[in-house]
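At the far end of the sequence shown sits residue 275, using our numbering, and the numbering has no gaps. For glycine and all other residues, C-beta sits at the position ideal for the given N, C-alpha and C. Data first, discussion second: the structure below is written as structure tokens.
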Amino acid sequence: FRRAMEYAWDQGRRVIDHCEEPSMNPGAGMNEGPVSGRQGMTAQPDVAEAAQVARDILLADYLKIPVHLAHISCRRSVELIAWAKERGAPVTAETCPHYLLLTEERAANYDTAAKVNPPLRTGEDVEALLAALNSGVIDILVTDHAPHAAHEKEVEFDRAPCGISGLDTALSLTWDLVEKKRLSREAFLRAWTTGPCGIFGLPVNRFQVGDPADFLLFDPAARWEVTPESLRSKGKNTPFLGSRLRGRVAAHFLGGKKKV
């Protein structure tokens with residue numbers, strides 16, 4: 016991994032790491048804890064993520080080379096990232112809407128729509144992630160969009176692939192957190208716009224002459240229900256089916272052309 020970081024940085028890029036210790040039930044899709052114990056399921060402890068987060072942080076600090084930590088899901092990782100940033104280590108991190116809204120209990124009925132990697136964690140982890148996003152310890156939000164066909168998910172939990180179709184609902188779910196005063200408006204905007212651009216060197220559209228015509232229009236007052244028909248993605252595998260959400264993307268422009 017050290018060599019990957021060095022070679023990537025030589026090319027003006029940074030490594031994005033899915034942090035998962037391979038000796039601790041990789042891809043299990045369920046958090047190790049009371050829920051997995053009751054269900055008798057193979058599970059992954061949060062330390063499987065945190066152990067690799069710690070390794071990456073120490074390498075970034077030693078090499079002075081940036082690393083980006085993907086879809087952080089637990090309190091242990093948040094504490095390590097906060098420590099790294101206090102030291103000035105070149106570390107950035109992201110999380111996903113489902114880790115801010117759902118816990119391992121969502122998979123308690125063997126619901127494969129809630130099987131994701133890293134797995135959904137505990138209520139304590141949810142609170143730690145929200146606090147970290149508000150404070151800037153977690154830099155950005157991503158969807159980790161992983162659409163699957165219905166027949167792929169309609170199998171036993173152990174056999175189902177990990178992943179949530181998250182692109183359609185991401186902004187609405189996190190805007191709902193803003194409306195409920197759980198997430199600041201400033202953190203919402205940073206996490207979805209300037210934050211990713213700053214980390215990955217992408218141009219920011221500030222609606223000035225010469226800016227890239229890549230933007231979306233978001234209606235914060237819109238109300239909609241998550242149904243298979245309302246999702247544009249071919250993958251309908253989301254644990255938020257049936258939810259009524261606030262705020263919705265009204266249009267999406269890429270290169271000046273309307274895509275949605």
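Measuring CA to CA, which of Glu64, Phe255 and Ile80 is closest to aspartate 25?
-> As a position in the sequence shown, residue 25 is number 10, starting the count at 1. Out of Glu64, Phe255 and Ile80, Ile80 has the C-alpha closest to the C-alpha of aspartate 25.
Three-state class that DSSP yields for asparagine 252 in the structure shown = Along the sequence shown, one-based indexing puts residue 252 at 237. The answer is coil: DSSP assigns asparagine 252 none of H, G, I, E or B.
Contact belief for alanine 65 with leucine 84 at Cβ below 8 Å, rounded distance in angstroms | As a position in the sequence shown, residue 65 is number 50, starting the count at 1. As a position in the sequence shown, residue 84 is number 69, starting the count at 1. At roughly 11 Å, the Cβ-Cβ gap does not stay under 8 Å, so alanine 65 and leucine 84 are not in contact.
Count the other C-beta atoms from every protein chain shown that fall within 10 angstroms of the C-beta of aspartate 226, then say buried if there are 16 or more, exposed otherwise.
-> Counting from 1 along the sequence shown, the entry for residue 226 is found at position 211. The residue is exposed, with fewer than 16 neighbouring Cβ atoms inside 10 Å.
Are the beta-carbon atoms of arginine 70 and alanine 143 separated by less than 7 Å?
-> For the purposes of this step, residue 70 is taken as the residue at position 55 of the sequence shown. For the purposes of this step, residue 143 is taken as the residue at position 128 of the sequence shown. Taking 7 Å as the Cβ cut-off, arginine 70 and alanine 143 do not qualify as a contacting pair.
List the endpoints of the continuous alpha helix (DSSP H) containing glutamate 21.
-> Position 6 of the sequence shown holds residue 21. Residues 17 to 25.
What did DSSP end up calling aspartate 173 once you bin it into helix, strand or coil?
-> Walking along the sequence shown from the start, residue 173 turns up at place 158. Correct three-state label for aspartate 173: helix.
Give the secondary structure of lysine 168 by DSSP, where H, G and I count as helix, E and B as strand, and everything else as coil.
-> As a first step, residue 168 is located in the sequence shown; it is residue number 153 there, counting from the start. In the structure shown, lysine 168 adopts helical secondary structure according to DSSP, grouped into three states.
Beta-carbon proximity of threonine 158 to alanine 185, cut-off 7 Å = Within the sequence shown, the letter at position 143 stands for residue 158. Within the sequence shown, the letter at position 170 stands for residue 185. It is a contact, given that the beta carbons lie within the stated cut-off.
Roughly how far, in whole angstroms, is the beta-carbon of leucine 156 from the beta-carbon of glutamate 109, given that I think they are within contact range, below 8 Å?
-> Sequence index remark: in the sequence shown, residue 156 carries index 141 (1-based). Sequence index remark: in the sequence shown, residue 109 carries index 94 (1-based). About 6 Å; that satisfies the 8 Å criterion.
Aspartate 191 in three-state terms, based on DSSP | One-based indexing of the sequence shown puts residue 191 at position 176. Reduced to three states, the DSSP call for aspartate 191 is helix.
Since tryptophan 239 is in the beta strand (DSSP E), which residue starts that stretch and which ends it?
-> Numbered from 1 along the sequence shown, position 224 holds the residue referred to as residue 239. It spans 230 to 240 - the beta strand (DSSP E) in which tryptophan 239 sits, taken as one unbroken run.
Go ahead and pull the three-state DSSP assignment for threonine 57.
-> As a working mapping, residue 57 is identified with position 42 in the sequence shown. In the structure shown, threonine 57 sits in coil (DSSP, three-state: anything other than H, G, I, E or B).
So does the region 163 to 171 actually touch the region 133 to 141, counting three or more Cβ pairs closer than 8 Å?
-> Output reads no: the region 133 to 141 does not touch the region 163 to 171.
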